[in-house]
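*Asks:* Once you've had a glance at the structure underneath, I'll fire off some questions.
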Amino acid sequence: MKMHKMDLVALNEEFGMISTLKIEDISGVPVLIISTPLANARIALQGAQVLAWQPAGHMPILWTSHHAVYRPGQGVRGGVPVCWPWFGAGEEGQPAHGFVRTRMWTLRETNWVGDRLIVRMGLSDNADTRAIWDHGFDLELQVDIGRTLVMRLVTRNTGHKTFHITDALHTYFFVGDIARTTVTGLEKTAYLDKVLDFKQHVQTGPVTFTGETDRIYLDTTSTCVIHDPAQDRKIVVSKSGSHSTVVWNPWLDKAAKFADMRPEEYQHMLCVETANAGKDSIALAHGEQHVLETEISVEVTA
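Encoded structure:
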């Protein structure tokens, strides 16, 4: 079902900006189309999912599958899905990576702060969410669009019970050739290798890619750098409020099993995720909040 035309008109009247921000319906999913002097971006209100960010003078920084599906209630393969209140597999019958990435968020604010465009989106508990996860919460994602991309996920406990969460900004980056791509910043860091039955190892040297890679790097607050020689650039990923970094590429065989991804697309994507994952969970009592933040920038190396 497509979004009601009047709803879209109302959103544009309240939050749109002439020549800078408009909200369009893409197969029933409202998407913010943003164009500023410093960057272009797209953000879906379903899941508060940043789909694209391209600073002026650069190739796209984020990757989205050519076969990505835009449909109410279904996640989009690519961009920056928000994983919350758990990262990874849920309990039996519960969705992977939580339930907020397929729910419609409320657009709370669009505004200029200096030369950056600020977008705030929020989601609060209701009867549907409490049937899945019985806690009171307010979740807000603020996206700052400019020469850098800043995403700030704020979790507030509005209920009366302490809860525990794991979370992630599951960022898909566009790379020229995964076989030539490396990641620095995780040297000497212990990690759990999902491909090898979650055995623990220690990273030696830069992370390189020769096959399926699915790792949770532990107890790390370090900035990571994605070196992308095929595109003569490096992407810098800094973070706060996070003690895990997830690195993932499905490689050919697993990519071929995804209905919303072409098998060969694994060559041009890499996830480096700002996370709190595994045993790295966050406890919040009534009235407390936690902030998970990442900033992404790009530098030309040629």
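Note that the UniProt record's numbering numbers the sequence shown so that position 132 is 132, with each residue one more than the last. Every residue, glycine too, gets a C-beta built ideally from N, C-alpha and C. The model shown is predicted, which means the values in this text are computed figures rather than measured ones.
1) Rounded to the nearest angstrom, how far is the Cβ of residue 218 from that of residue 191, given a contact under 8 Å?
2) Within 10 angstroms of the Cβ of residue 200, are there 16 or more other Cβ atoms? Answer buried if so, exposed if not.
3) If we ignore side chains and look at the alpha-carbon of each, how far apart do residue 104 and residue 75 end up?
4) Pick helix, strand or coil for residue 1, following the three-state DSSP scheme.
5) Which of the three DSSP states, helix, strand or coil, is assigned to residue 53?
6) Along the chain, where does the beta strand (DSSP E) containing residue 44 start, and where does it finish?
7) Could you tell me which residues DSSP puts in a beta bridge with residue 267?
8) Once you ignore the five residues that flank residue 298 on each side, which residues in its own chain have a CB closer than 8 Å to its CB?
9) If you follow the beta strand (DSSP E) that residue 132 is part of, which residue opens it and which one closes it?
10) DSSP beta-bridge partners for residue 234?
11) Taking the continuous beta strand (DSSP E) assigned at residue 253, which residues delimit it?
12) Beta carbon of residue 38, beta carbon of residue 152: below 7 Å?
13) Taking C-beta to C-beta, are residue 139 and residue 129 nearer than 7 Å?
14) Considering Cα atoms alone, identify which of 253, 171 and 188 is closest to residue 77.
15) Could you give the uninterrupted runs of the beta strand (DSSP E) lying entirely in the region 194-225, keeping only those of 3 residues or more?
16) In this structure, how does DSSP classify residue 173 when only helix, strand and coil are distinguished?
17) Beta-carbon within less than 6 Å of residue 46's beta-carbon, same chain only, minus the 5 sequence neighbours each way: which residues are those?
18) Rounded to the nearest angstrom, what separates residue 23 and residue 149 at their Cα positions?
19) Let's test the definition: count the other Cβ atoms within 10 Å of the Cβ of residue 108 and tell me whether it reaches 16, buried, or not, exposed.
20) Below 8 Å on the Cβ atoms is my guess for residue 66 versus residue 265; work out the distance and round it to an integer in Å.
*Replies:* Straight from the coordinates:
1) Yes, they are in contact, since the Cβ atoms of residue 218 and residue 191 sit about 6 Å apart, within 8 Å.
2) exposed
3) Each residue's Cα considered, the two are about 11 Å apart.
4) For residue 1, the predicted structure reports a pLDDT of 41, less than 50, and the residue's modelled location is therefore unreliable. A value from the coordinates is still provided. Residue state, collapsed to three classes: coil.
5) In the displayed model, residue 53 falls within a strand according to three-state DSSP.
6) 39-44
7) BP columns for residue 267 are empty, so no partner.
8) 55, 58, 61, 233, 234, 235 and 236
9) No beta strand (DSSP E) holds residue 132; the alpha helix (DSSP H) holding it covers 127-132.
10) Paired residues: 227 and 299.
11) First-last for residue 253: 251-255, but that is the alpha helix (DSSP H), not the beta strand (DSSP E).
12) no
13) No. Outside cutoff.
14) 171
15) Every beta strand (DSSP E) stretch that sits fully inside the region 194-225 and reaches 3 residues is listed by chain position as 199-202 and 213-218.
16) strand
17) 29 and 104
18) For residue 23 and residue 149, the distance between alpha carbons rounds to 20 Å.
19) exposed
20) 7 Å
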